[in-house]
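Numbering follows full-length UniProt numbering, in which position 53 of the sequence shown is assigned residue number 53; successive positions increment by one, without gaps.
For each residue, glycine too, the CB sits at the ideal point set by N, CA and C.
These notes concern the structure reproduced below.
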Amino acid sequence: MIHMLLPVAPQRLAKLQRAVLNRMSGFRIVIDGVQDPGNHAAVMRTAEALGLLDLHVIRYVRDKPQRRTSLSKSITKGGEQWLRIHFHNTAGDCLHHLRQEGFSQILAAKPRNPQTDTARNPVELSEVDFGKKTALIIGNEKNGVSSEMSELCDGDFCIDMHGL
C-alpha cells in the first residue's frame with residue numbers, strides 16, 4: 001500500500017514505513033462513557049502517539065448534546081485520522097468484539113483504594129502482561145468505568161500517581 005503514496009519525499013516515506021511497522025495490533029484502549037470532547041481528543045492523540053491502530057468508543061446517550069470544540073481539534077493535532085475508531089452501543093458489544101479478535105486480557109481502570117478493594121485488587125499498570133492481547137478500559141470523568149463494563153472485564157488496573 002505504501003507504494004501508492006509515491007512520489008513522496010524519501011524522508012517522509014521512511015517515516016511512514018516506520019509508523020506502519022511500529023503499529024501495535026495487540027493493544028487497544030477503550031473509552032467508556034467519557035463525556036468531554038477534549039478528553040476524547042486527548043486519548044486519541046495519546047493512542048496515536050503510542051502507535052495504536054485501533055481505538056474503541058462506547059456511545060452513551062447524553063443528557064445534553066456536546067459540540068465539538070476548537071479545543072479538541074487543537075488537542076488531537078490530526079491524530080484521529082491515523083486511527084481506526086470502532087463505535088459500540090454497549091459495553092457488552094465492545095467486549096464481544098474484542099474477544100472475537102482474540103483479546104484475552106481486558107482490564108478496567110480503577111483507582112487503588114485499600115478500603116474498598118476486595119475481590120479484585122487492581123494491578124499496577126507496570127505489572128500488566130502486555131505479551132497477551134490486552135485492552136485497557138478508561139472510564140468517564142466523574143464515575144469511572146460503567147458498572148456493566150466493570151462486571152464484564154477480566155480485572156482492574158491502576159496507574160499509581162507519584163506526583164502531586
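Within the model, the alpha-carbon separation for Ser104 versus Met44 is close to 23 Å. For Leu125, the secondary structure class from DSSP, reduced to helix, strand or coil, is helix. The residue from Val30, His40 and Ala14 with its alpha-carbon nearest to that of His96 is Val30. In this structure, the beta-carbon distance from Ala108 to Phe157 falls below 9 Å.
Between Thr46 and Asp54, the alpha-carbon positions lie close to 12 Å from each other. The beta carbon of Ser150 is closer than 6 Å to those of Ala108 in its chain, skipping five residues each way along the sequence.
Boundaries for Val145: no beta strand (DSSP E) harbours it, and the DSSP string shows neither H nor E there. Judged by DSSP secondary structure, Thr46 falls within the alpha helix (DSSP H) whose first and last residues are Pro37 to Leu50. Residue state for Asp54 is assigned as strand, using DSSP reduced to three classes.
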